Amino acid sequence: MIQYKNIKEFSESELQDLFLSVEWSSGKYPEKLVLAMRNYSYVFTAWDEGKLIGLISAMDDGIMTAYIHYLLVDPKYQKMGIGKGLVDLMKQVYKDYLRIVLVAYDEQIKFYEACGFTKGDKSSPMFITSLST
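When we follow the numbering used here, the leftmost residue of the sequence shown carries the number 1, and every step to the right adds one.
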């Protein structure tokens with residue numbers, strides 16, 4: 001049975017395993033991920049018998065705008081409603097905010113639209129990054 005938790009403390013290996021399972025290059029920096037998770041406003045997770053299988057993180061300005069940064073689910077557990085469940089938890093936390101923002105990869109746009117997000121017509125995500133994903 002999948003359990004959802006609101007926690008910010010992880011081992012390096014828990015985060016590394018999850019991030020590398022979806023082939024995100026940030027998984028190569030588990031020590032940075034551990035520190036990053038502590039600094040987010042909220043981190044919700046999904047667990048299966050003690051194994052971290054999903055995570056969503058967000059930061060906010062305290063009143064108006066929240067930014068969802070990470071949403072990832074181990075590929076073995078995708079298409080089971082876990083990602084949507086994590087998004088729903090975050091949407092509930094930020095229900096009184098005026099805007100919830102995220103950057104979606106093109107292949108994920110349909111998923112986020114099904115979660116209630118709309119694609120901006122007059123905006124494009126922009127980055128300064130050394131990560132490939």
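For glycine and all other residues, C-beta sits at the position ideal for the given N, C-alpha and C.
Being a predicted model, the structure only gives us computed values, none of them experimental.
Would you kindly check if the distance between the Cβ of residue j and the Cβ of residue i is under 8 Å?
{"i": "F117", "j": "L89", "result": "no"}
{"i": "Y40", "j": "M59", "result": "yes"}
{"i": "A46", "j": "I100", "result": "no"}
Given a threshold of 16 other Cβ atoms within 10 Å of its Cβ, counted over all protein chains shown, does residue i qualify as buried or as exposed?
{"i": "Y105", "result": "exposed"}
{"i": "I56", "result": "buried"}
{"i": "Q3", "result": "exposed"}
{"i": "G83", "result": "buried"}
{"i": "M37", "result": "buried"}
In its own chain, which residues sit with a C-beta less than 6 Å from the C-beta of residue i, not counting the 5 before and 5 after it?
{"i": "L98", "result": "M64"}
Sort the options by Cα distance to residue i and report the nearest one.
{"i": "F127", "options": "E9, Y77, H69 and G50", "result": "H69"}
{"i": "F10", "options": "S21, V34, M1 and E23", "result": "V34"}
{"i": "L103", "options": "K95, D121 and P125", "result": "It is worth fixing the name first, because residue 103 is Val in this sequence and not Leu. Of K95, D121 and P125, the residue nearest in Cα terms is P125."}
{"i": "V87", "options": "K76, Y42, D48 and G120", "result": "Y42"}
{"i": "F111", "options": "Q78, Y94, D96 and L131", "result": "Q78"}
{"i": "G81", "options": "A114, I100 and Y94", "result": "A114"}
Once you ignore the five residues that flank residue i on each side, which residues in its own chain have a CB closer than 7 Å to its CB?
{"i": "E14", "result": "L52"}
For residue i, I'd like the list of residues in its chain whose CB is within less than 8 Å of its CB, leaving aside the five on either flank, ordered along the chain.
{"i": "L18", "result": "G27, L52, I53, G54, L55, L72 and D74"}
{"i": "K76", "result": "S21 and I53"}
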